Amino acid sequence: MDEKNKTKREVMDINWEQQKVLSNPLRSRLVALLYEKPMTPKQVADEVGKNPGTVYYHIQQLLKHDILEVENIDTDKGIVEKYYRAKATIFKNPEKTAPPGHVDGKTVNVYLSKKLVTQFNEEIEELFFKYGHLSYKEKDSEEQSPYLIEFVMKEADEEEKQ
Numbered sequence: 001m002d003e004k005n006k007t008k009r010e011v012m013d014i015n016w017e018q019q020k021v022l023s024n025p026l027r028s029r030l031v032a033l034l035y036e037k038p039m040t041p042k043q044v045a046d047e048v049g050k051n052p053g054t055v056y057y058h059i060q061q062l063l064k065h066d067i068l069e070v071e072n073i074d075t076d077k078g079i080v081e082k083y084y085r086a087k088a089t090i091f092k093n094p095e096k097t098a099p100p101g102h103v104d105g106k107t108v109n110v111y112l113s114k115k116l117v118t119q120f121n122e123e124i125e126e127l128f129f130k131y132g133h134l135s136y137k138e139k140d141s142e143e144q145s146p147y148l149i150e151f152v153m154k155e156a157d158e159e160e161k162q
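For the sequence shown, the UniProt record's numbering assigns the number 1 to the initial residue and increments by one for each residue that follows.
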């Protein structure tokens with residue numbers, strides 16, 4: 001990730017159509033890669049190990065829905081190369097309303113190996129423990145309210161895996 005994006009996460013408001021476009025795990029991966037640095041569709045395809053035509057299609061869908069932008073265009077010996085960049089890493093739909101009682105929530109589509117799933121679960125358990133401990137330490141100095149914190153990880157639908 002370049003210096004421009006190292007510490008700052010850009011947030012972008014999106015509509016329902018953009019949210020649907022981003023629900024595809026491959027597109028989410030492309031957005032993450034293209035936020036880190038601008039690349040051509042061929043470079044992205046090589047990075048993710050997918051067919052360049054498939055990656056180009058998904059990049060065009062993200063561009064069409066204003067999630068990506070063309071950062072620069074290079075022409076070398078008559079060959080035009082467009083470098084795409086993601087406009088944000090965090091997407092929020094202001095039209096989406098939380099169910100009654102929900103305070104906050106996050107969703108992400110990501111590819112993980114079994115090893116990373118195990119590691120992720122261990123870190124979530126550590127976070128639960130950490131905040132349980134911090135809560136106990138501050139119980140006499142801060143007003144607290146009860147919260148139920150849930151964590152759910154599920155496999156993406158087959159149609160989302162394309």
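All C-beta atoms, glycine included, are put in the ideal place defined by N, C-alpha and C.
None of the values given here were measured: they were computed from a predicted structure.
Next item on the list: Reducing DSSP to helix, strand and coil, say where E95 ends up.
Entry: Within the sequence shown, numbered from 1, the residue matching residue 95 stands at position 95. Coil, per DSSP.
Note to self: Counting C-beta neighbours from all protein chains within 10 Å, is the total for R9 16 or more, i.e. buried, or is it exposed?
What the structure shows: Locating residue 9 in the sequence shown gives position 9, where the first residue counts as 1. Per the 10 Å Cβ criterion, exposed.
Next item on the list: Could you check what DSSP says for N121 in three-state terms: helix, strand or coil?
Entry: Sequence index remark: in the sequence shown, residue 121 carries index 121 (1-based). Here N121 sits in helix by DSSP.
Next item on the list: Please state whether DSSP places K161 in a helix, a strand or coil.
Entry: As a first step, residue 161 is located in the sequence shown; it is residue number 161 there, counting from the start. With a pLDDT of 45 at K161, under the threshold of 50, the modelled position of this residue cannot be trusted; read the value that follows with caution. In this structure, K161 counts as helix in the three-state DSSP scheme.
Check: Short check: CB of A45 to CB of L68, under 7 Å?
Finding: Taking the sequence shown and counting its residues from 1, one reaches residue 45 at position 45. Taking the sequence shown and counting its residues from 1, one reaches residue 68 at position 68. Their beta carbons are not under 7 Å apart, which means A45 does not touch L68 by this criterion.
Check: With distances taken from CA atoms, which of Y35, L148, N24 and F151 is nearest I90?
Finding: Indexing the sequence shown from 1 puts residue 90 at position 90. Nearest of Y35, L148, N24 and F151 to I90, Cα basis: Y35.
Next item on the list: List the whole-angstrom C-beta distance separating R29 from Y111, where the pair is believed to meet the contact cut-off of C-beta under 8 Å.
Entry: Taking the first residue of the sequence shown as 1, we reach residue 29 at position 29. Taking the first residue of the sequence shown as 1, we reach residue 111 at position 111. Contact flag correct, Cβ pair sits at about 6 Å.
Checklist line | Q61 to V21 span [Cα, whole Å] | finding: Mapped onto the sequence shown, residue 61 falls at position 61. Mapped onto the sequence shown, residue 21 falls at position 21. If I take the Cα positions, the gap works out to 7 Å.
Next item on the list: Can you give me the start and stop residues for the beta strand (DSSP E) that K82 sits inside?
Entry: Working through the sequence shown from its first residue, we reach residue 82 at position 82. Element bounds for K82: I79 to A86.
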